[in-house]
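Encoded as structure tokens, the structure appears first; notes follow it.
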Amino acid sequence: MNNFDRAYHDLLQRILDEGSYKDDRTGTGTYSVFGHQMRFDLSEGFPLLTTKKVFFKMIATELIWFIRGDTNIKYLLEYNNNIWNEWAFKKWTESEEYNGPDMTDFGRRALKDPEFNEIYQGEMASFKKKVLEDDAFSQKYGSLGDVYGKQWRHWVGADGQVIDQLNDVIEGIKNQPDSRRHIVTAWNPAEIENMALPPCHSFFQFYVNDGILSLQLYQRSADVFLGVPFNIASYALLLHLVAKECGLKAGEFVHTMGDAHIYSNHLEAVKTQLGRDSYQPPQLKIHGEQSIFDLNFEDLEIEHYESHPYIKAPIAV
């Protein structure tokens, strides 16, 4: 098994072996361990897991969305990226303007009730269409509040000063590579209540040594089956992009987690994945010489990606 998939499988197995059952915000229930770290040497390839298909387009367009400082799902929907839809949809269906069918607890109800699922899918399709076509509706209900992109690019300090953290950290890497302050944080206590979802991947730090750039992420809450494969690839991609921007080589991505958990309704999917062997990891290609801030999805390419089929599992909202 390749080293990337092995590190991830080891985490899955650790949670199955050692995890404690805990209730959670969503009411689904999880098996959880506290404190885990994985390390990915990017000289070995790009860490897109191969024991189940992971969709690079969704990862890359979400990261570009963060980098642009965007917080509205309209950009994501233009690329058929639906990973943030549920949080915006929940905001819409809980608003006074919504007068459609009852969508309370829509995620779990849709899984258990085929008749409701058909209604839910119709409401979601209508919601997405409005976000894409109605600018006023999109501005009001497509926005997720002060989530990642806002904090990375438009952090507001106590004095009202706006700080472009990502730009500042890149300039710091270029001009003071040995600094220990190359940090970007999405955890802004003053704005947590204005976020559709408080940041799970809370802050990250860069480290320069001998022309090689490494990155460590601290993730306070890690949905290991659905979210973590995306987080691994997303921050590995961010490391490659910042390294290129700064004229450095991409080194090691270190992924540190606080509460690492498997949702109780993901256990069978996890066991399916653990029964699979891996393929060789793919390679990342970045085309052109544009700045990280001018990047488009079309500038990125994954080569030689071979994987087992995707494993579907419900998202907890």
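Heads up: the sequence shown begins at 1 in UniProt numbering, then just goes up one per residue.
Just so it is clear, CB atoms sit at the ideal spot from N, CA and C, and this is done for glycine as well.
What you are looking at is a predicted structure, and each value in this text was computed from that prediction instead of being measured.
Boundaries for N81: no beta strand (DSSP E) harbours it, and the DSSP string shows neither H nor E there. Between Q165 and V184, the beta carbon gap of about 5 Å places them in contact (Cβ cut-off 8 Å). Per DSSP, G35 is one residue of the beta strand (DSSP E) stretching across T30 to D41. In the three-state reduction of the DSSP assignment, V224 falls in the coil class, being assigned neither a helical nor a strand state. The three-state secondary structure of E245, taken from DSSP, is helix. Counting along the chain, the unbroken beta strand (DSSP E) around T185 starts and ends at I183 to T185.
Taking the Cα positions, E118 is about 22 Å away from Y141. Note that the C-beta distance between H255 and T51 is not below 8 Å.
In this structure, P281 and P47 form a Cβ contact; the two beta carbons are roughly 6 Å apart against a cut-off of 8 Å. In chain order, G258 and D259 place their CB closer than 7 Å to the CB of F34, counting only its own chain and leaving out the 5 sequence neighbours on each side.
Between L241 and I292, the C-beta gap is smaller than 8 Å, which places the two residues in contact. Counting only residues of its own chain and dropping the five nearest sequence neighbours on each side, E191 has a CB closer than 7 Å to the CB of D146. Taking C-beta atoms as the reference points, V208 and D178 count as a pair closer than 8 Å. Exclusion of the five residues before and after G19 leaves Y31, S32 and V33 as the residues of its chain whose Cβ lies within less than 6 Å of its Cβ. Excluding sequence positions up to five before and after R181, its CB lies less than 6 Å from no other CB in the same chain. Within the same chain, and ignoring the five residues on either side of R39 in sequence, the residues whose Cβ sits closer than 8 Å to its Cβ are A7, E252, F253, V254 and H255. Per DSSP, H201 lies in no alpha helix (DSSP H); the unbroken beta strand (DSSP E) holding it starts and ends at H201 to N209. One Cα belongs to N85, the other to F4, and the distance between them is close to 29 Å. In the DSSP assignment, I292 falls outside any alpha helix (DSSP H), carrying neither H nor E. Here Y263 is buried. Its C-beta has 16 or more other C-beta atoms within 10 Å. A straight-line Cα-Cα distance of about 35 Å links K129 and H304. Burial state of T93 is buried, judged by a 10 Å Cβ sphere holding 16 or more other Cβ atoms. In this structure, T71 lies away from F297, with their beta-carbon atoms at least 8 Å apart. With distances taken between CA atoms, F106 lies nearest to Q121 out of S95, E96, Q121 and Y98. Here DSSP, grouped into helix, strand and coil, assigns I212 to strand. Only buried fits N81, as 16 or more other CB atoms lie within 10 angstroms of its CB.
Taking 8 Å as the cut-off, the Cβ atoms of F204 and L217 count as close. R109 and D223 have their C-alpha atoms some 20 Å from each other.
Within 10 angstroms of the beta-carbon of S95 lie fewer than 16 other beta-carbons, which makes it exposed.
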